[in-house]
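The block underneath contains the structure these notes are about, expressed in C-alpha coordinates.
Here it is in C-alpha coordinates:
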(Lines of atoms letter the chains of each structure in order from A; the text may use other names.)
(Lines give C-alpha, C1' and ligand atoms only; values in the text may rest on other atoms or scores of the structure.)
Protein backbone atom coordinates (compact mmCIF):
# COMPACT_ATOMS: atom_id res chain seq x y z
CA UNK A 2 0.00 0.00 0.00
CA UNK A 3 1.33 3.45 -0.91
CA UNK A 4 2.22 5.84 1.89
CA UNK A 5 -0.27 8.66 2.55
CA UNK A 6 -0.61 11.69 4.78
CA UNK A 7 -3.68 13.18 6.40
CA UNK A 8 -4.77 16.81 6.23
CA UNK A 9 -7.53 18.20 8.44
CA UNK A 10 -9.49 21.21 7.20
CA UNK A 11 -11.65 23.62 9.18
CA UNK A 12 -15.01 22.55 7.69
CA UNK A 13 -16.56 19.99 5.34
CA UNK A 14 -17.01 22.71 2.72
CA UNK A 15 -13.32 23.60 2.86
CA UNK A 16 -12.29 19.95 2.57
CA UNK A 17 -14.60 19.50 -0.41
CA UNK A 18 -13.26 22.68 -1.99
CA UNK A 19 -9.63 21.59 -1.61
CA UNK A 20 -10.35 18.16 -3.09
CA UNK A 21 -12.22 19.74 -6.00
CA UNK A 22 -9.40 22.17 -6.62
CA UNK A 23 -6.76 19.47 -6.75
CA UNK A 24 -8.91 17.48 -9.16
CA UNK A 25 -9.37 20.56 -11.37
CA UNK A 26 -5.62 21.15 -11.54
CA UNK A 27 -5.02 17.47 -12.27
CA UNK A 28 -7.25 17.70 -15.34
CA UNK A 29 -4.39 19.56 -17.04
CA UNK A 30 -2.04 16.59 -16.70
CA UNK A 31 -3.31 14.95 -19.90
CA UNK A 32 -2.19 18.08 -21.78
CA UNK A 33 1.26 18.10 -20.15
CA UNK A 34 0.41 19.94 -16.92
CA UNK A 35 2.29 19.41 -13.67
CA UNK A 36 1.28 16.33 -11.69
CA UNK A 37 -0.95 16.97 -8.67
CA UNK A 38 -0.87 14.87 -5.49
CA UNK A 39 -3.89 12.60 -5.43
CA UNK A 40 -6.67 12.59 -2.86
CA UNK A 41 -6.73 8.91 -1.84
CA UNK A 42 -9.71 9.05 0.52
CA UNK A 43 -11.90 11.34 2.59
CA UNK A 44 -12.32 9.34 5.81
CA UNK A 45 -14.21 12.12 7.59
CA UNK A 46 -16.02 15.21 6.29
CA UNK A 47 -13.17 17.54 7.28
CA UNK A 48 -10.27 15.17 6.53
CA UNK A 49 -8.42 14.40 3.31
CA UNK A 50 -6.04 11.47 2.96
CA UNK A 51 -3.52 12.36 0.28
CA UNK A 52 -0.75 10.68 -1.63
CA UNK A 53 2.61 11.11 0.11
CA UNK A 54 5.48 12.36 -2.05
CA UNK A 55 9.01 11.62 -0.86
CA UNK A 56 10.70 15.00 -1.40
CA UNK A 57 14.32 15.86 -2.18
CA UNK A 58 16.41 18.65 -3.69
CA UNK A 59 15.69 19.04 -7.41
CA UNK A 60 18.04 18.31 -10.25
CA UNK A 61 18.38 20.76 -13.11
CA UNK A 62 16.44 18.37 -15.32
CA UNK A 63 13.57 18.20 -12.82
CA UNK A 64 13.45 21.99 -12.59
CA UNK A 65 13.30 22.30 -16.38
CA UNK A 66 10.50 19.74 -16.65
CA UNK A 67 8.56 21.54 -13.93
CA UNK A 68 8.84 24.89 -15.69
CA UNK A 69 7.54 23.42 -18.93
CA UNK A 70 4.72 21.47 -17.29
CA UNK A 71 3.55 24.44 -15.22
CA UNK A 72 3.07 26.39 -18.45
CA UNK A 73 0.57 23.73 -19.55
CA UNK A 74 -1.27 23.77 -16.23
CA UNK A 75 -1.77 27.51 -16.65
CA UNK A 76 -2.81 27.04 -20.28
CA UNK A 77 -5.74 24.82 -19.20
CA UNK A 78 -7.53 28.06 -18.36
CA UNK A 79 -10.54 28.98 -16.22
CA UNK A 80 -14.06 30.16 -16.89
CA UNK A 81 -13.55 33.70 -15.54
CA UNK A 82 -11.28 35.88 -13.43
CA UNK A 83 -11.32 34.66 -9.84
CA UNK A 84 -13.23 31.49 -10.72
CA UNK A 85 -13.02 28.65 -8.19
CA UNK A 86 -12.76 25.07 -9.38
CA UNK A 87 -15.97 23.70 -10.95
CA UNK A 88 -16.42 21.29 -8.03
CA UNK A 89 -16.31 24.04 -5.41
CA UNK A 90 -19.28 23.58 -3.02
CA UNK A 91 -22.16 25.45 -4.61
CA UNK A 92 -23.75 26.47 -1.31
CA UNK A 93 -20.56 27.08 0.63
CA UNK A 94 -18.75 30.37 1.28
CA UNK A 95 -16.67 31.61 -1.65
CA UNK A 96 -13.62 32.00 0.58
CA UNK A 97 -10.78 29.65 1.38
CA UNK A 98 -8.26 28.99 4.13
CA UNK A 99 -7.27 30.90 7.25
CA UNK A 100 -6.98 34.10 5.22
CA UNK A 101 -10.51 33.68 3.82
CA UNK A 102 -9.16 34.42 0.35
CA UNK A 103 -12.15 35.25 -1.87
CA UNK A 104 -13.19 33.62 -5.13
CA UNK A 105 -15.60 35.21 -7.58
CA UNK A 106 -18.97 33.79 -8.67
CA UNK A 107 -19.61 33.82 -12.41
CA UNK A 108 -22.44 36.33 -11.94
CA UNK A 109 -19.95 38.87 -10.58
CA UNK A 110 -17.03 38.09 -12.87
CA UNK A 111 -14.79 41.12 -13.55
CA UNK A 112 -14.04 41.90 -17.18
CA UNK A 113 -10.29 42.24 -16.73
CA UNK A 114 -7.50 40.78 -14.61
CA UNK A 115 -6.75 44.25 -13.23
CA UNK A 116 -10.29 44.62 -11.90
CA UNK A 117 -10.12 41.18 -10.30
CA UNK A 118 -6.71 41.72 -8.71
CA UNK A 119 -7.63 45.17 -7.42
CA UNK A 120 -10.98 44.26 -5.86
CA UNK A 121 -10.58 40.64 -4.77
CA UNK A 122 -6.94 40.58 -3.77
CA UNK A 123 -5.59 44.02 -2.86
CA UNK A 124 -8.68 45.85 -1.55
CA UNK A 125 -10.14 42.80 0.16
CA UNK A 126 -6.99 42.18 2.16
CA UNK A 127 -6.15 45.85 2.81
CA UNK A 128 -9.62 46.64 4.19
CA UNK A 129 -9.32 43.79 6.69
CA UNK A 130 -5.76 44.77 7.61
CA UNK A 131 -6.89 48.37 8.26
CA UNK A 132 -9.76 47.11 10.41
CA UNK A 133 -7.23 45.11 12.45
CA UNK A 134 -5.00 48.17 12.90
CA UNK A 135 -2.25 47.06 10.54
CA UNK A 136 -2.30 50.07 8.18
CA UNK A 137 -3.47 53.64 8.70
CA UNK A 138 -5.44 55.69 6.17
CA UNK A 139 -2.40 57.15 4.38
CA UNK A 140 -0.85 53.71 3.96
CA UNK A 141 -4.13 52.25 2.69
CA UNK A 142 -4.24 55.09 0.14
CA UNK A 143 -1.02 53.80 -1.43
CA UNK A 144 -2.70 50.48 -2.16
CA UNK A 145 -5.78 52.28 -3.45
CA UNK A 146 -3.63 54.10 -6.03
CA UNK A 147 -2.30 50.73 -7.19
CA UNK A 148 -5.89 49.51 -7.49
CA UNK A 149 -6.81 52.54 -9.62
CA UNK A 150 -3.94 51.80 -12.00
CA UNK A 151 -4.90 48.13 -12.19
CA UNK A 152 -8.52 48.98 -12.97
CA UNK A 153 -7.68 51.49 -15.70
CA UNK A 154 -5.35 48.97 -17.36
CA UNK A 155 -2.09 50.85 -16.76
CA UNK A 156 -0.61 47.89 -14.90
CA UNK A 157 -2.08 45.20 -17.13
CA UNK A 158 -0.04 42.81 -19.25
CA UNK A 159 -0.66 39.90 -21.63
CA UNK A 160 -0.73 36.34 -20.40
CA UNK A 161 2.04 33.91 -21.43
CA UNK A 162 1.71 32.67 -25.00
CA UNK A 163 0.02 29.32 -24.32
CA UNK A 164 -2.63 30.87 -22.06
CA UNK A 165 -4.04 33.30 -24.59
CA UNK A 166 -6.33 36.18 -23.65
CA UNK A 167 -8.36 34.70 -20.80
CA UNK A 168 -7.65 33.59 -17.24
CA UNK A 169 -4.97 31.02 -16.52
CA UNK A 170 -5.63 28.02 -14.27
CA UNK A 171 -3.55 28.93 -11.22
CA UNK A 172 -2.35 26.76 -8.36
CA UNK A 173 -2.95 29.84 -6.24
CA UNK A 174 -0.57 29.07 -3.34
CA UNK A 175 2.56 28.19 -5.25
CA UNK A 176 5.27 28.87 -2.72
CA UNK A 177 8.31 26.60 -2.55
CA UNK A 178 6.85 24.37 0.18
CA UNK A 179 3.99 23.31 -2.07
CA UNK A 180 6.34 22.18 -4.85
CA UNK A 181 7.62 18.69 -4.10
CA UNK A 182 10.53 17.12 -5.95
CA UNK A 183 10.16 13.30 -5.95
CA UNK A 184 13.19 11.23 -5.03
CA UNK A 185 12.26 9.15 -8.04
CA UNK A 186 13.63 11.69 -10.51
CA UNK A 187 11.83 10.06 -13.43
CA UNK A 188 8.60 12.02 -12.77
CA UNK A 189 7.76 13.39 -16.27
CA UNK A 190 6.60 16.76 -14.94
CA UNK A 191 9.61 17.26 -12.67
CA UNK A 192 7.62 18.19 -9.58
CA UNK A 193 4.35 17.30 -7.85
CA UNK A 194 2.13 20.05 -6.42
CA UNK A 195 0.17 20.02 -3.15
CA UNK A 196 -2.01 22.34 -1.01
CA UNK A 197 -3.53 24.40 -3.81
CA UNK A 198 -5.90 27.38 -3.71
CA UNK A 199 -6.73 27.22 -7.44
CA UNK A 200 -8.62 29.88 -9.36
CA UNK A 201 -8.65 31.81 -12.61
CA UNK A 202 -5.98 34.51 -12.65
CA UNK A 203 -2.82 35.81 -14.27
CA UNK A 204 -0.08 33.21 -14.73
CA UNK A 205 2.57 35.68 -13.57
CA UNK A 206 1.01 35.58 -10.08
CA UNK A 207 1.97 31.91 -9.62
CA UNK A 208 5.46 32.61 -10.94
CA UNK A 209 5.88 35.60 -8.62
CA UNK A 210 5.00 33.47 -5.61
CA UNK A 211 7.65 30.93 -6.61
CA UNK A 212 10.14 33.81 -6.46
CA UNK A 213 8.90 35.21 -3.14
CA UNK A 214 9.90 32.21 -1.03
CA UNK A 215 13.04 31.03 -2.82
CA UNK A 216 12.14 28.03 -4.90
CA UNK A 217 15.35 26.05 -5.58
CA UNK A 218 16.61 26.29 -9.16
CA UNK A 219 14.12 29.09 -9.84
CA UNK A 220 16.08 30.51 -12.77
CA UNK A 221 15.97 27.13 -14.50
CA UNK A 222 12.22 26.81 -13.87
CA UNK A 223 11.49 30.28 -15.24
CA UNK A 224 13.71 29.85 -18.28
CA UNK A 225 12.00 26.56 -19.13
CA UNK A 226 8.55 28.10 -18.63
CA UNK A 227 9.46 31.02 -20.91
CA UNK A 228 10.77 28.63 -23.56
CA UNK A 229 7.53 26.65 -23.47
CA UNK A 230 5.10 29.59 -23.16
CA UNK A 231 6.69 32.95 -23.93
CA UNK A 232 6.24 35.48 -21.14
CA UNK A 233 5.17 39.02 -22.03
CA UNK A 234 7.97 41.59 -22.28
CA UNK A 235 8.82 43.26 -18.99
CA UNK A 236 7.56 40.42 -16.82
CA UNK A 237 10.56 40.82 -14.51
CA UNK A 238 9.39 44.35 -13.68
CA UNK A 239 5.96 43.06 -12.64
CA UNK A 240 7.10 40.41 -10.16
CA UNK A 241 6.54 42.61 -7.10
CA UNK A 242 3.13 43.69 -8.40
CA UNK A 243 1.98 40.08 -8.49
CA UNK A 244 3.59 39.45 -5.10
CA UNK A 245 1.26 41.99 -3.50
CA UNK A 246 -1.47 39.37 -3.06
CA UNK A 247 0.66 36.85 -1.09
CA UNK A 248 2.40 39.63 0.83
CA UNK A 249 -0.92 41.11 1.94
CA UNK A 250 -2.17 37.67 2.88
CA UNK A 251 0.88 37.31 5.13
CA UNK A 252 0.32 40.79 6.60
CA UNK A 253 -3.22 39.73 7.48
CA UNK A 254 -2.13 36.44 9.05
CA UNK A 255 1.25 37.28 10.57
CA UNK A 256 1.97 41.03 10.43
CA UNK A 257 5.62 41.64 11.27
CA UNK A 258 8.08 42.40 8.49
CA UNK A 259 5.48 41.56 5.85
CA UNK A 260 3.66 44.81 6.70
CA UNK A 261 6.53 47.00 5.49
CA UNK A 262 7.42 44.66 2.62
CA UNK A 263 3.92 44.88 1.12
CA UNK A 264 3.86 48.66 1.49
CA UNK A 265 7.27 49.03 -0.19
CA UNK A 266 6.10 46.89 -3.12
CA UNK A 267 2.88 48.89 -3.46
CA UNK A 268 4.75 52.21 -3.55
CA UNK A 269 6.64 50.98 -6.60
CA UNK A 270 3.41 50.73 -8.60
CA UNK A 271 1.29 53.47 -7.01
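Residue numbers (the working numbering): 2 to 271.
All C-beta atoms, glycine included, are put in the ideal place defined by N, C-alpha and C.
For residue 42, no alpha helix (DSSP H) run applies; the uninterrupted beta strand (DSSP E) run containing it begins and ends at 40-45, by DSSP. Here DSSP, grouped into helix, strand and coil, assigns residue 102 to strand.
In the pairwise beta carbon analysis, the segment 157-165 is classified as touching the segment 227-240: at least three pairs are separated by under 8 Å. DSSP places residue 37 within a strand segment (E or B) once states are collapsed to three. The segment 187-194 makes contact with the segment 65-77: 3 or more CB pairs, one atom from each, lie closer than 8 Å.
Inter-segment contact for the segment 75-86 and the segment 98-109 is present: three or more beta-carbon pairs are separated by less than 8 Å. Nearest to residue 182 by C-alpha distance, out of 246, 131, 137 and 64, is 64.
Counting C-beta pairs closer than 8 Å gives three or more between the segment 146-153 and the segment 113-122, which meets the contact rule.
Residue pairing from DSSP places residue 180 in a beta bridge opposite 194. In the structure shown, the three-state DSSP call for residue 5 is strand. Comparing alpha carbon positions, the residue from 144, 26 and 90 closest to residue 199 is 26. For residue 50, the secondary structure class from DSSP, reduced to helix, strand or coil, is strand. Cβ neighbours of residue 57 within its own chain (closer than 6 Å, five residues either side excluded): 182 and 184.
Residue 261 sits exposed, since fewer than 16 C-beta atoms from the chains shown fall within 10 Å of its C-beta.
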